Amino acid sequence: MPRNVLITGVTRGLGRAMLDRFVEEECVVRGCGRSAADVEALNESLGAPHAFAAVDVSRDTEVAGWARTLLDDGFVPDLLINNAALMNDPAPLWDVPPDQFAAMVDVNITGTFHVIRHFVPAMVARQSGVIVNFSSGWGRSAAAEVAPYCATKWAIEGLTQSLADELPNGMAAVPLNPGVITTDMLRQCWGEGAGSYPTAEAWSRRAVPFLLSLGPNHNGQPASVP
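Numbering (numbering that gives the first Met the number 0), first residue to last: 0 to 225.
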């Protein structure tokens, strides 16, 4: 049986790179992104059984509608990946615009909660499945001028480990540090210096087999892509 994989933030960066690898592994992938044009392009290029939707994970009603559509179609995730996230423009915390801080909390933390709230009950009812919430090295350490991002990723670590204590046997919740990868997000922080790190495509060839290897014995254990 093909494994059902759900990915948020699937239209770009790590999400887009993972998508290609999961398809190669003959998984059935459903995903979301905020750009309707990018979502349409994915649906045209991949098609059934894969399917993609324009969803802003920070909006509970949008996630609820998306989940209802997939669950009514019989799609219950075997692997749920909360990947969607925003990064702040580097600045001392007191110079971060309030709307930028709020947007990061809404996507990075609240968006993860919305996806869990609407998809995980079906996984719990089946008593199987793995939830991977993308954290960061900055969810386990800190650095100047990225305090909002660090705050959201530290939150993901605690949220995920608490969730792990609530799941039935046979399931797992794992906070994952993907590592340092050249993406638009990294370029936002480090500019040209981001180019010295692995590309998302190269990273995905290590990350996806690792993600598919996660199971109940990893529940609650902070993990990093090797």
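Virtual Cβ for every residue (Gly too), placed ideally from N, Cα, C. Because the structure is a prediction, the values reported are computed rather than measured.
Selected residue, minimal CA-CA separation from residue i, among the options
i: I232; options: N82, P91, W137; result: Since the first residue of the chain shown is 0 and the last is 225, residue 232 is not available in this structure.
i: L175; options: S134, P91, P208; result: S134
i: T159; options: V145, P89, V119; result: V119
i: A47; options: V27, A35, V54; result: V27
i: S212; options: V224, A201, W202; result: V224
i: E23; options: E43, H49, D37; result: H49
i: V75; options: L41, I108, W93, Q126; result: Q126
i: D19; options: P208, N216, I180; result: P208
i: Y148; options: S161, A102, A163, V114; result: A102
i: A40; options: V9, I180, A90, W137; result: V9
i: R58; options: G12, N107, L70; result: N107
i: L235; options: F100, V95, C31, N168; result: Residue numbering for the chain in the displayed model covers 0 to 225; residue 235 lies beyond these limits and cannot be assessed.
i: A146; options: L162, E156, L92, P96; result: L92
In DSSP terms, what residue i is bridged to
i: I130; result: L79, A172
i: A222; result: L175
i: R29; result: L5, A50
Integer Cβ distance of residue i from residue j, believed to fall under 8 angstroms
i: M226; j: M122; result: Here the chain has residues from 0 to 225 only, and residue 226 is not among them.
i: L79; j: G110; result: About 13 angstroms; that fails the 8 angstroms criterion.
i: D72; j: R2; result: Contact flag wrong, Cβ pair sits at about 16 angstroms.
i: R29; j: D55; result: That belief does not hold up - the Cβ atoms of R29 and D55 are roughly 16 angstroms apart, past 8 angstroms.
i: V38; j: F51; result: 5 angstroms
i: A16; j: S203; result: 4 angstroms
i: A66; j: H117; result: 4 angstroms
i: G219; j: D164; result: 7 angstroms
i: V114; j: T7; result: 6 angstroms
i: A199; j: L45; result: With 8 angstroms as the limit, A199 and L45 do not qualify as a contact, their Cβ atoms being about 18 angstroms apart.
i: P177; j: A141; result: Contact flag wrong, Cβ pair sits at about 18 angstroms.
Residue interval of the alpha helix (DSSP H) (run including residue i)
i: R20; result: 12-23
i: V207; result: 199-212
In chain order, what are the residue ranges of uninterrupted alpha helix (DSSP H) at least 4 long that sit wholly in the segment 96-161? Unbroken alpha helix (DSSP H) runs of no fewer than 4 residues, entirely contained in the segment 96-161, are found at 97-103, 111-125, following chain order.
Scan the segment 46-92 and note each continuous alpha helix (DSSP H) run of 4 residues or more that stays entirely inside, going in chain order. 59-71
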